[in-house]
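**Q** Okay, handing you the structure first.
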Amino acid sequence: MKLKNLKKLLLLSFFFYLPFSTMAWGVLGHRIVGDIAYSYLTPAAKAAIKKILGTESVAISSNWADFIKSDTDFAYLSPWHYVNLKPGMSMSEVEKFLDKDTAVDAYTKINFLVKELKKKKLPAADKVFYLRLLIHIVGDVHQPLHVGRLDDLGGNKIKVSWFSAPSNLHRVWDEQLINFQQLSYTEYTNAINFTTPSQRKAWQKQTVKDWIYQSYQSVEKVYADITPDEKLDYLYNYKFISTVNSQLVKGGVHLAGLLNEIYK
Ligand SMILES: [Zn+2]
Numbered sequence: 034m035k036l037k038n039l040k041k042l043l044l045l046s047f048f049f050y051l052p053f054s055t056m057a058w059g060v061l062g063h064r065i066v067g068d069i070a071y072s073y074l075t076p077a078a079k080a081a082i083k084k085i086l087g088t089e090s091v092a093i094s095s096n097w098a099d100f101i102k103s104d105t106d107f108a109y110l111s112p113w114h115y116v117n118l119k120p121g122m123s124m125s126e127v128e129k130f131l132d133k134d135t136a137v138d139a140y141t142k143i144n145f146l147v148k149e150l151k152k153k154k155l156p157a158a159d160k161v162f163y164l165r166l167l168i169h170i171v172g173d174v175h176q177p178l179h180v181g182r183l184d185d186l187g188g189n190k191i192k193v194s195w196f197s198a199p200s201n202l203h204r205v206w207d208e209q210l211i212n213f214q215q216l217s218y219t220e221y222t223n224a225i226n227f228t229t230p231s232q233r234k235a236w237q238k239q240t241v242k243d244w245i246y247q248s249y250q251s252v253e254k255v256y257a258d259i260t261p262d263e264k265l266d267y268l269y270n271y272k273f274i275s276t277v278n279s280q281l282v283k284g285g286v287h288l289a290g291l292l293n294e295i296y297k
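The sequence shown: position 59 = 92 (my numbering), numbered continuously.
In structure tokens, the structure reads:
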């Protein structure tokens, strides 16, 4: 076996070993964020994005960054999906940490992608590649467990059960709470996408740091609430579905603001 193939095999076995649930908002969550964002795009942004994505909608393009994870050539993108934060940080501590942040993570990469996408002379292939990544990663930082702790891998190592089936805390937040609502992504968008112009204006003034801090405030509550091996079902849905929904709406509004700013 050639060394290159051996390396590929080793990488591949490493990825199969990782739980499937390290994926971030599941397929639905990302599409809902994309769909909500689309509803708030300016005509200029809609036109520019259509030129780049063609017939692929913002909602559908949002999943691409997870789909390519099965291609080992893109393994380097895995840390782009999250930021790990320590417990008990204040807002200024989170901001200071992000200011000094040079790690390959969601925060530094959102900044990188926005800078690249604002360039007038970006090659066409990069335009698609970076736009799909940005749509996805903005969604990710609104999933509270994507700004979770390193020692439990954002809740992946916290075993729980979801309606008696073995799961972990990350997976419950990525997809199980959302799937439990039994709505398609368009139905879901129609059910939760209610914002006022003044609300959108305020949210779109917030910085990427603010988004991350808001997710962090949610994840601190999620951590404080959970006991390892806890059996989660109706009560958990009752306690946290409003957090899930508000994070999805904010994610969509934030993403729209960012895209409107890039494609002025
Ligand atoms: Zn992701």
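Each residue gets a CB set at the ideal place from its N, CA and C atoms; glycine is no exception. Values in this document were obtained by computation on a predicted structure and should not be read as measured data.
Between the alpha carbons of Val277 and Gln232, how many angstroms are there, rounded?
**A** 18 Å
**Q** Roughly how many whole angstroms lie between the Cα atoms of Trp113 and Lys83?
**A** 25 Å
**Q** Can you tell me whether DSSP reads Trp113 as helix, strand or coil?
**A** helix
**Q** Counting pairs of Cβ atoms below 8 Å between the region 131 to 149 and the region 173 to 188, do you hit three or more?
**A** yes
**Q** Would the C-beta of His114 count as close to ligand 1, meaning under 7 Å from any of its heavy atoms?
**A** yes
**Q** When the Cα of Leu186 is compared with those of Val193, His203, Ala80, which residue comes out closest?
**A** His203
**Q** Beta carbon of Asp173: closer than 7 Å to some heavy atom of ligand 1?
**A** yes
**Q** Along the chain, where does the beta strand (DSSP E) that runs through Ser200 open and close?
**A** Ser200 -> beta strand (DSSP E) spans 198 to 201.
**Q** If you follow the alpha helix (DSSP H) that Val255 is part of, which residue opens it and which one closes it?
**A** 241 to 258
**Q** Exposed or buried, which one is Gly59 when buried takes at least 16 other CB atoms within 10 Å?
**A** buried
**Q** Considering Cα atoms alone, identify which of Lys238, Lys151, Arg182, Phe100 is closest to Glu253.
**A** Ranking Lys238, Lys151, Arg182, Phe100 by Cα distance to Glu253 puts Arg182 first.
**Q** Using beta-carbon positions only, say whether Val116 and Ile259 come within less than 8 Å of one another.
**A** no
**Q** Cα separation between Ile191 and Gly290?
**A** 34 Å
**Q** In the DSSP assignment, find the unbroken alpha helix (DSSP H) run with Trp3 in it and report its ends.
**A** Residue 3 lies beyond the range of the chain shown here (34 to 297); nothing can be said about it.
**Q** Quick one: what's got a C-beta closer than 6 Å to Trp97's C-beta in the same chain, skipping five residues either side?
**A** Arg165
**Q** Do Tyr218 and Leu118 have their C-beta atoms closer together than 8 Å?
**A** no
**Q** For Lys264, does the three-state DSSP call read helix, strand or coil?
**A** strand
**Q** So, does the CB of Ser194 fall closer than 8 Å to a CB anywhere in chain C?
**A** Given the protein chain composition of this structure (a single chain), no chain C is represented.
**Q** Rounded to a whole number of angstroms, what is the C-alpha to C-alpha distance between Thr55 and Ile211?
**A** Only weak support is given to the placement of Thr55: the predicted model assigns it a pLDDT of 49, under 50, and the question is left unresolved by the model.
**Q** Assign Lys301 to one of three DSSP states: helix, strand, or coil.
**A** For the chain, the structure presents residues 34 to 297; residue 301 sits outside this window and is missing.
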